[in-house]
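Worksheet: the structure to be examined is printed underneath.
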Amino acid sequence: MTPLDTDIAHLLAGSMVLVSFLLLYQDRMFALLNIFAVHAWVLAFSVAWQAHLQQAPHLFITALIALVFKGVFIPVALHRIVVRLGIHRSIESVVSVGPTMLFGMALVALSIVVMLPVTEAAGAFVREDLAFALSIVLLGLLMMVTRRNAVGQVIGFMSLENGLVLAATGARGMPLVVEISVAFSVLIAFIIIGIFLFRIRERFDSVDVRALDMSRGESP
Amino acid sequence: MTPFLLNQLAACGIGLLLLLAALGVPVSRLSSGSRLIYGSCALVCSGLAAVALYALLVPGSGTAAVELPIGLPLGRTLLALDPLSAAFAIIVNLATAIVSIFAIGYGRHAAEPQRVVPFYPAFVGAMNIVLLAQDAFSFLAGWEFMSLASWALVVSEDRSAGNLKAGLVYLIMATGGAMTLLLAFGILAGPEGAYSFDTMRQTAAAGPAAIVLALALIGAGSKAGLVPLHAWLPLAHPAAPSHASALMSGVMTKVAVYGFIRIVFDLAGPPSWWWSIPVLIVAGITALLGVLHALMEHDLKRLLAYHTVENIGIIFIGLGLALAFEAGGLPVAAALALIAAIFHVFNHSLFKSLLFLGAGAVLNATGERDMERLGGLIHRMPVTAFAFLVGCIAISALPPFNGFVSEWLTFQAILLSPQLPQWIPRLLVPAIGATLACSAALAAACFVKAFGSTFLGRARAAAANTAVETDRWSLGAMLLLAALCLGAGILPGFAIDSLAGVSESLVGAQLAAQSSQPWLRIAPIDPVRSAYNGMLVFAMIVAAAVLTAIVVRRFASHGLRRSPAWDCGFPEASPVAQYSSSSFAQPIRRVFGSVVFRAREHVTMPKPGDTGLARLQLELHDIAWDALYDPVIRFVNVAADRLNAFQFLTIRKYLMLVFAALVLLLVIIGAWR
Chain A
92 MTPLDTDIAH LLAGSMVLVS FLLLYQDRMF ALLNIFAVHA WVLAFSVAWQ
142 AHLQQAPHLF ITALIALVFK GVFIPVALHR IVVRLGIHRS IESVVSVGPT
192 MLFGMALVAL SIVVMLPVTE AAGAFVREDL AFALSIVLLG LLMMVTRRNA
242 VGQVIGFMSL ENGLVLAATG ARGMPLVVEI SVAFSVLIAF IIIGIFLFRI
292 RERFDSVDVR ALDMSRGESP
Chain B
18 MTPFLLNQLA ACGIGLLLLL AALGVPVSRL SSGSRLIYGS CALVCSGLAA
68 VALYALLVPG SGTAAVELPI GLPLGRTLLA LDPLSAAFAI IVNLATAIVS
118 IFAIGYGRHA AEPQRVVPFY PAFVGAMNIV LLAQDAFSFL AGWEFMSLAS
168 WALVVSEDRS AGNLKAGLVY LIMATGGAMT LLLAFGILAG PEGAYSFDTM
218 RQTAAAGPAA IVLALALIGA GSKAGLVPLH AWLPLAHPAA PSHASALMSG
268 VMTKVAVYGF IRIVFDLAGP PSWWWSIPVL IVAGITALLG VLHALMEHDL
318 KRLLAYHTVE NIGIIFIGLG LALAFEAGGL PVAAALALIA AIFHVFNHSL
368 FKSLLFLGAG AVLNATGERD MERLGGLIHR MPVTAFAFLV GCIAISALPP
418 FNGFVSEWLT FQAILLSPQL PQWIPRLLVP AIGATLACSA ALAAACFVKA
468 FGSTFLGRAR AAAANTAVET DRWSLGAMLL LAALCLGAGI LPGFAIDSLA
518 GVSESLVGAQ LAAQSSQPWL RIAPIDPVRS AYNGMLVFAM IVAAAVLTAI
568 VVRRFASHGL RRSPAWDCGF PEASPVAQYS SSSFAQPIRR VFGSVVFRAR
618 EHVTMPKPGD TGLARLQLEL HDIAWDALYD PVIRFVNVAA DRLNAFQFLT
668 IRKYLMLVFA ALVLLLVIIG AWR
């Protein structure tokens, strides 16, 4: 493995972290979906590059799944849902962007601090890959916590899952069955969440989760 | 009979009991279903008692364990009747068999037999599993099964709030006790996880033995009713139907004693000298507080339940002495103390069952447990009164009955304490002896009160005036127990001799054979030093009574005159004005009340000219409850209130909690490195 190979892998994984930050910052609905698509594309490239490096052809399948489902199918479907729900003009009320970004940076630092000593036995390549993956997972969680809109939370969940796939491909010997089942579970989750979005909307005329809270007799 | 066959028979007996439990579900709905189940229980338990007696009397006959293919993946279920198991199996099954005979008659009055009948054999079977278990897993499984089955019996009869509270308190205490025993076995098993008792004896414990002692004392003590872990006992024992109360109080507490002996004497290795100190102190306090609480009660069954606490104290005094002597290098004295304790276990199982059955008969006949509303029952229920009186005499430790013998043996052990090498137990043991003497005297006072206000005098309420004698099965069971109380009192030598194998295996010594003593006397240490002859005492009592009867018949006037009893010059005809059970207890309450019970009396007098009633209100506290349980209950309530808020958070807040926890853990990992 030449240094260039490693650098490209790091570049792709690092780009995913960067795109995660973009997701965290984005407050318009369509832009959010587009950037999520970018996130999935970068994931697909990263996985494909890993497949090339590890000479593991089954990882190409994983990359293909990521590209087709997460890079194309889910964003398009979410796009249609947003249009049908008529919330394409609404603006996500993100908890003030500045502190969130700072907190996100702290999370990245934390994951590096945690991951690098823990995985000392593994090669440098895997270690940094894992640190990136953990950052993406944490940023996805942060996004789920800070978003008020259900669509935003779904995107946060999906980006979290992208981080998991990245970690899985970085650690060698991950069986294809596991990857396919993870991808499948995400698809199921997407379907269920999509149905729920419509149900919520039917009942509350909004997909703002605060409406749900109010229906339980609580103030937002 | 080969050893293997013996243990297989015992295992079959347990299997039969569990089968009866399953059978009890459909059968109990039939009209005579409960009699069938109880009768079968009596037969199976008699068989088990006979098998256990054989195992105890023929040395080495019960040692090869039966291995059953159930249990943990790593361990096996081992059942065997070694001397200790056999001794307790006799005690448990003998009392259970007789209580089952009582239940044949008593069970007919049950309103909902299907809530009681299936659990009864299950309870008995579970107790036998605990006794026969030779590995920690089956011991604990049996222990938990026993707790659950008896809990079902506690809440079976009455769905009142008080009863449900009793069941809840019992369940919590039972869970806590089983938990501590689990930890004790975990320490004993060592890092390899050797859970069979045989390997536990050989391997060194993983932790300090002091922790094992403390855990055993808490775990077994909470089931047996050691103060301050006794709080559930006076709530739960009376709540069950009377035959189940008799089993819980007379028999189940003995299973707890067995657990303590098994862990501390058998598995934990040689004791240190200071082990006896906590045991003796707790036991002394238990004996005294138990009897004082019993004196304050005027609910007959609660009184008996508190009395169980006292007797458990006496038993643990014997066990503490045995520990002290064993550690002090006096094995014969240790054998004496241990045999005194186990013999008292046997005796208590007889007379406490008898008394609970008597209370059950009274409850059945009158519908009353409150002694302030009973009285005069000796005219209505003469046979029950006779049997109850025998139980009262036996539990008050009066010769020639069995209670006297075991307490006398305990005192003989106490009198050997000057030979102990350490000065702390040498000073402590006489003090405990004084406590024991005090509690024995108070126990006698307590049973004068119990018998007097229940059976003597005039009926204080209408229900007691219309009572009729109970059925023949119940009477037969009570008379059988009374006869056994007398038999064990006048022929104690056989019981002591048969326990030789137990003391040999646990403390490595045995007493001199008592059956070789002349004239059926017992002399545990040396005939010159002390000896007791129950038969002689009995013969003298009978002779004196017969002589008095002859003299009275011969020389007294034959004229008969009926006249009203002298009423101190106050012509008050109401039976309520009789000397009552709380009147009887009042002097003792005055002496101990302000300290032990924090007793307060409130007198409300009407104003002069007002014709309203004057009132005397009495307030009693259980200090263990106030000091130990209330703070815990308050803490749990406050914590539950605080945590309640977490039930109604928004999804986002839940996510935030998960996220915060994850970040916190990651920070800890990062900082740790």
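From first to last, the protein sequence lines stand for chains A and B. Residue numbers for the first sequence follow this note's numbering, beginning at 92 and rising by one. Residue numbers for the second sequence follow this note's numbering, beginning at 18 and rising by one. Glycine residues also receive a C-beta, built at the ideal position from the N, C-alpha and C atoms. These numbers were taken from a predicted model, which means no experiment stands behind them.
- Per the DSSP secondary-structure output, E84 (chain B) pairs in a beta bridge with B:L95.
- Here A339 (chain B) is near A351 (chain B), since their CB atoms are less than 7 Å apart.
- DSSP links V620 (chain B) through a beta bridge to B:L633.
- Counting other Cβ atoms within 10 Å of its Cβ, H361 (chain B) reaches 16 or more and is therefore classed as buried.
- Close to L681 (chain B), with beta-carbon spacing below 7 Å, lies no residue of chain A; the smallest spacing is near 10 Å.
- Uninterrupted alpha helix (DSSP H) stretches at least 4 residues long and entirely within the segment 519-572 of chain B occur at 551-572, given in chain order.
- Listed in chain order, the beta strand (DSSP E) runs fully inside the segment 351-401 of chain B amount to none, counting runs of at least 3 residues.
- At least one CB atom of chain A sits nearer than 7 Å to the CB of L672 (chain B).
- Closest by C-alpha distance to R46 (chain B), out of B:R132, B:L35 and B:G64, is B:R132.
- The distance from the Cβ of A59 (chain B) to that of A114 (chain B) is about 5 Å, consistent with a contact at the 8 Å cut-off.
- When DSSP states are grouped into helix, strand and coil, R238 (chain A) belongs to the coil group.
- Ranked by how close their Cα comes to the Cα of A248 (chain B), the residues B:L284, B:M190 and B:G267 have B:M190 in first place.
- In the structure shown, S213 (chain B) adopts extended strand secondary structure according to DSSP, grouped into three states.
- Contact between the segment 409-420 of chain B and the segment 501-519 of chain B is present, with at least three C-beta pairs closer than 8 Å.
- Collapsing the DSSP output to three states places A478 (chain B) in coil.
- At a C-beta separation below 7 Å, V236 (chain A) has these neighbours in chain B: R669, L672, M673 and F676.
- Nearest Cα to L374 (chain B) within the set B:F342, B:A402 and B:V83: B:A402.
- Against chain A, the CB of I686 (chain B) has a partner CB under 7 Å away; the residue lies at that interface.
- For L508 (chain B), there is no enclosing alpha helix (DSSP H), since its DSSP letter is neither H nor E.
- Approximately 5 Å separates the beta-carbon atoms of G335 (chain B) and A354 (chain B); this is inside 8 Å, confirming the contact.
- Neighbourhood of V204 (chain A) in chain B, by CB distance below 7 Å: G687, in chain order.
- Bounds of the alpha helix (DSSP H) holding W140 (chain A) are M120 to Q145.
- A direct Cα-to-Cα measurement between Y55 (chain B) and I121 (chain B) gives close to 6 Å.
- In this structure, the alpha-carbon of G203 (chain B) lies about 41 Å from that of L317 (chain B).
- A contact between stretches requires three or more CB pairs, one per stretch, nearer than 8 Å, and the segment 73-84 of chain B meets this requirement with the segment 503-523 of chain B.
- If you look at R52 (chain B), you'll find it in the alpha helix (DSSP H) that goes G50 to L74.
- Linking I431 (chain B) to P348 (chain B) through their CA atoms gives a straight-line distance of about 14 Å.
- When B:M552, B:N419, B:Q527 and B:A494 are compared, the shortest CA-CA separation from P541 (chain B) is found for B:Q527.
- For F164 (chain A), the closest alpha carbon among the candidates A:L144, A:A197 and A:A128 is that of A:A128.
- For A226 (chain B), the enclosing alpha helix (DSSP H) begins and ends at A226 to A241.
- Look at L114 (chain A): its C-beta is not under 7 Å from any C-beta on chain B.
- In the three-state reduction of the DSSP assignment, D316 (chain B) falls in the strand class, which pools E and B.
- Residues V229, L232, A233, G236 and I280 of the same chain have their beta carbon placed closer than 7 Å to that of A201 (chain B), with the five preceding and five following residues left out of the count.
- The Cβ atoms of L459 (chain B) and V569 (chain B) do not sit closer than 7 Å to each other.
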